[in-house]
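From first to last, the protein sequence lines are chains H and A. In terms of my numbering, the first sequence opens at residue 1 and continues consecutively. In terms of my numbering, the second sequence opens at residue 1 and continues consecutively. Ideal Cβ placement from N, Cα and C applies to all residues, glycine included. A quick note: this is a predicted structure, and the numbers were derived from the prediction, not measured. Report on one structure; see the data block that follows.
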Amino acid sequence: GAGVSQSPSNKVTEKGKDVELRCDPISGHTALYWYRQRLGQGLEFLIYFQGNSAPDKSGLPSDRFSAERTGESVSTLTIQRTQQEDSAVYLCASSSRLAGSTDTQYFGPGTRLTVL
Amino acid sequence: GESVGLHLPTLSVQEGDNSIINCAYSNSASDYFIWYKQESGKGPQFIIDIRSNMDKRQGQRVTVLLNKTVKHLSLQIAATQPGDSAVYFCAERGTNDMRFGAGTRLTVKP
């Protein structure tokens, strides 16, 4: 596609429910990133995928958070047993991450998650 | 630990004036920096980048300055327009991620 797409754009859920967020990166981009952005704050790194390598999960805040990516395509971020503090915008970005590239990340519009 | 931060959380300028948004970083090993613009309800959008072997880089109406001596990065916007109103983030490339500051909200007054 022309850019990074994310779905849903908005998600309202009840505390304790599981949610799944989807990211479709730019075609051909080998790297994919998930970030969390709380209201009025900066971006918090969550997880990074690069090709078929093991993902860098160092930013995941708890074991309730997990993410998967199939090859170099779509990724899903799953939050289990959601808590109110999980309410935020979840942003996905992709980059070409080729040797010699500047690794510019292109962001999707985000999914706004509200946990009631 | 290493961090990227911004000096000012908000900046208000008159339409037509020049804007300067500042950023401080502490990781002297960082070799690449990006400025992003985030409009309300949208994801961050790439504006301009600079490598650590450069002091200055210009784009269309925007200039990024890098002062490695004091670990300072700035974004200059010439002839600021209402469409420039947004939150601006500087980002520093780490090992596997970009580290973002909290952002500066730029408001352009007509």
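At least one beta carbon of chain A lies nearer than 8 Å to the beta carbon of F107 (chain H). Inter-residue distance for I48 (chain A) and M98 (chain A) is about 14 Å (C-alpha atoms, whole angstroms). If only complete runs of 3 or more residues are kept, the segment 14-45 of chain A shows the beta strand (DSSP E) at 19-25 and 32-38, in order along the chain.
At the C-beta level, I34 (chain A) and L75 (chain A) stay beyond 8 Å of one another. For A2 (chain H), there is no enclosing beta strand (DSSP E), as DSSP marks it with neither H nor E. With a threshold of 8 Å between beta carbons, D49 (chain A) makes contact with chain H. The shortest CA-to-CA distance from S5 (chain H) to any of H:F107, H:K17 and H:T13 is the one to H:F107. Proximity of chain H to K56 (chain A) at the Cβ level (cut-off 8 Å) is not reached, the minimal Cβ distance being about 17 Å. Under the DSSP assignment, I79 (chain H) falls in the beta strand (DSSP E) whose first and last residues are S75 to I79. For the segment 22-46 of chain A, the set of positions with a beta-carbon nearer than 9 Å to some beta-carbon of chain H reads Y32, I34, Y36, Q38, G41, K42, G43, P44, Q45 and F46 in chain order.
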